[in-house]
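Residue numbers (the numbering used here): 43 to 334.
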């Protein structure tokens, strides 16, 4: 890899999906473009469809190829690590029902949505549907696992190198899953929860924005805590303008392939913006010269 200026180790969830994951489903990883020659080495290279992709951030520590390439004594020295993590955890947490299979109530600390009898006042907007105790549980889980990934980095030759993550983009809960030839339809993911908790359909897009806003805020909070999250570089992808999907659309709509994944136009927009962010970290502009 000596021919490359930058060498980046990558791993992630379905937002880094390889070719074949689904017709029209785009990979954010494929849309990263850099001014200097850059090697993007995927820890899931060669995986069929999305077989090697992450479902939860905790799975990073259990991915043998990723752990070896990151922390082994003879691993390459990477200029950075590029990850797409946490989205599956956010969706899973939002999908937790109000009651267990045995009829027992799931406590607010273990779910992100409130039952109708628990809703706050209308003046709280879509926040009245949101479980702050449940978010606190998820946030601590995310923090613990990101810290662990950083500790793996610091065990190997790439200690202290930047770890790049993105914040996803606000989805529109809607009846749109992934259809791949010869496979059962996957999803939708948030749409069933919106219906199960009886959220008014008019509030679904705003609730999708609320979820991702909290996620982005938590990642930014981690990055600001330099002592505990050294080298964590957060790209706030929520500020990149995207065309939202129509609430009733069952297929590709706006910049979205399905309910929670981007199509090629969406991935292109986010990928180019993230590339610029990564490039500025790897090759920061010189400080302005002072005039005498």
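The beta carbon of each residue, even a glycine, is placed where N, CA and C say it ideally should be.
Source: prediction; values computed, not measured.
Next on the checklist: Between which two residues does the alpha helix (DSSP H) holding residue 81 run?
Outcome noted: Residue 81 -> not in any alpha helix (DSSP H); beta strand (DSSP E) instead, spanning 80-84.
Checklist entry - With burial defined as no fewer than 16 other Cβ atoms inside 10 Å of the residue's Cβ, what is the status of residue 267: buried or exposed? => result With fewer than 16 neighbouring CB atoms inside 10 Å of its own CB, residue 267 falls in the exposed class.
Checklist entry - Whose C-beta lies closer than 7 angstroms to the C-beta of residue 212 among residues of the same chain, with five residues either side of it excluded? => result Excluding positions up to five away in sequence, the list reads 250, 251, 254, 280.
Checklist entry - Going by beta carbon distance, what residues of the same chain come within less than 7 angstroms of residue 305, once the five residues before and after it are set aside? => result Same-chain partners within the cutoff: 66, 68, 294, 297, 298, 299.
Item to check | Nearest candidate by alpha-carbon position, reference residue 174, set 207, 288, 156 | outcome: Comparing Cα-Cα distances from residue 174 to each of 207, 288, 156, the minimum goes to 156.
Checklist entry - Is residue 58 helix, strand or coil when you go by DSSP? => result In this structure, residue 58 counts as helix in the three-state DSSP scheme.
Item to check | Cα-Cα separation, residue 102 to residue 138 | outcome: For residue 102 and residue 138, the distance between alpha carbons rounds to 22 angstroms.
Checklist entry - Which whole-angstrom value is the C-beta distance of residue 176 and residue 152, which I expect to be below 8 angstroms? => result About 6 angstroms separates the two Cβ atoms, so the contact holds.
Checklist entry - Secondary structure at residue 345, three-state DSSP: helix, strand or coil? => result In the structure displayed, the chain extends from 43 to 334; residue 345 sits before or after that span and is not available.
Next on the checklist: Using the three-state DSSP reduction, which class does residue 88 fall into: helix, strand or coil?
Outcome noted: Confidence at residue 88 is low in this model, with a pLDDT of 43, below 50, so the placement of that residue is unreliable and no value is reported for it.
Next on the checklist: Comparing C-alpha positions only, which one of 165, 272, 148, 82 sits nearest to residue 203?
Outcome noted: Among 165, 272, 148, 82, the Cα nearest to that of residue 203 belongs to 272.
Item to check | Cβ-Cβ separation, residue 50 to residue 124 (assumed contact under 8 angstroms), whole Å | outcome: Contact check for residue 124 and residue 50: beta-carbon distance about 5 angstroms, within the 8 angstroms limit, so the pair qualifies.
Item to check | Own chain, CB closer than 8 angstroms to residue 79, minus 5 neighbours either side, in chain order | outcome: In its chain, beyond the 5 residues on either side, 45, 46, 47, 48 have a beta carbon closer than 8 angstroms to the beta carbon of residue 79.
Next on the checklist: Using only CA atoms, which one of 57, 233, 217 lies nearest to residue 312?
Outcome noted: For the set 57, 233, 217, the Cα lying nearest the Cα of residue 312 is the one of 57.
Next on the checklist: Since residue 239 and residue 178 should fall inside the 8 angstroms C-beta cutoff, what is the C-beta to C-beta distance between them, to a whole number of angstroms?
Outcome noted: In this structure residue 239 is not in contact with residue 178, their Cβ atoms being roughly 19 angstroms apart against a cut-off of 8 angstroms.
Checklist entry - Does DSSP classify residue 126 as helix, strand or coil? => result Residue 126: strand per DSSP, three-state reduction.
Next on the checklist: Please classify residue 165 as buried or exposed, where buried requires at least 16 other C-beta atoms within 10 Å of its C-beta.
Outcome noted: The residue is exposed, with fewer than 16 neighbouring Cβ atoms inside 10 Å.
Checklist entry - Measuring CB to CB, does residue 224 end up less than 9 angstroms from residue 302? => result Going by beta carbons, residue 224 and residue 302 fall outside the 9 angstroms limit.
Checklist entry - What whole-angstrom Cβ distance do residue 184 and residue 112 have, given they're in contact under 8 angstroms? => result With 8 angstroms as the limit, residue 184 and residue 112 do not qualify as a contact, their Cβ atoms being about 19 angstroms apart.
Item to check | Within the segment 191-278, ranges of the beta strand (DSSP E) (whole runs, at least 3 residues) | outcome: Within the segment 191-278, the runs of beta strand (DSSP E) that reach at least 3 residues and sit entirely inside it are, in chain order, 205-208, 274-277.
Item to check | Contacts around residue 242, its chain only, beta-carbon distance under 7 angstroms, and the 5 residues preceding and following it disregarded | outcome: Correct list: empty, nothing qualifies.
Checklist entry - Hey, residue 172 and residue 275 are a contact pair by Cβ (cut 8 angstroms); roughly how many whole angstroms apart? => result Rounded, the Cβ-Cβ distance is 28 angstroms, inconsistent with contact.
Checklist entry - Which residue's Cα is closest to the Cα of residue 54: 122, 190, 98, 227? => result Nearest of 122, 190, 98, 227 to residue 54, Cα basis: 98.
Item to check | DSSP-derived helix/strand/coil call for residue 108 | outcome: Here residue 108 sits in helix by DSSP.
Next on the checklist: Here's the rule I'm using: 16 or more other beta-carbon atoms within 10 Å means buried, otherwise exposed. How should residue 131 be labelled?
Outcome noted: Residue 131 is buried by the Cβ-count criterion.
Checklist entry - Do you know offhand how far residue 237's Cα is from residue 182's? => result If I take the Cα positions, the gap works out to 27 angstroms.
Checklist entry - Among the residues of its own chain, which have a CB less than 6 angstroms from the CB of residue 93, if the five just before and after it don't count? => result Because the pLDDT at residue 93 is just 46, under 50, the model does not fix this residue reliably, and the value given afterwards should be weighed accordingly. Nothing listed; no residue qualifies.
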